[in-house]
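Using the working numbering, you'd call the opening residue of the sequence shown number 162 and step up by one each time.
Presented below is the structure to which this report refers.
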Amino acid sequence: MDTQKFEDMLGRTITGIVIKASDRPPRSQVFLLFSDGMYSELYSDAPIKAASLWPGGPDEVRAYMAPEQQVIFEAYQ
């Protein structure tokens, strides 16, 4: 299967989330499961938490970003 892009998730319905952690890379993995039988993986090799939950929306996310970071794609329902 070809590598997919974040844009390929648009229009899909998330039916489940699996979060995994490991002592070896990739250390953190988040899998989004979709209603059409597909899934997407987000991962990090850094020893960080796979997920954190914070109050807020797009404005709070942008305010949290460092000045040198940039948003390359956004989608909202």
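Beta carbons are placed, not taken as given, at the ideal position from N, Cα and C, and that holds for glycine.
{"Check": "Proximity below 9 Å, CB of residue 180 to CB of residue 194", "Outcome": "no"}
{"Check": "9 Å Cβ cutoff met for residue 205 and residue 170", "Outcome": "no"}
{"Check": "Continuous beta strand (DSSP E) assignments of at least 3 residues falling wholly in the segment 163 to 212", "Outcome": "175 to 182, 189 to 195 and 200 to 205"}
{"Check": "Alpha carbon of residue 166 to alpha carbon of residue 190, nearest angstrom", "Outcome": "17 Å"}
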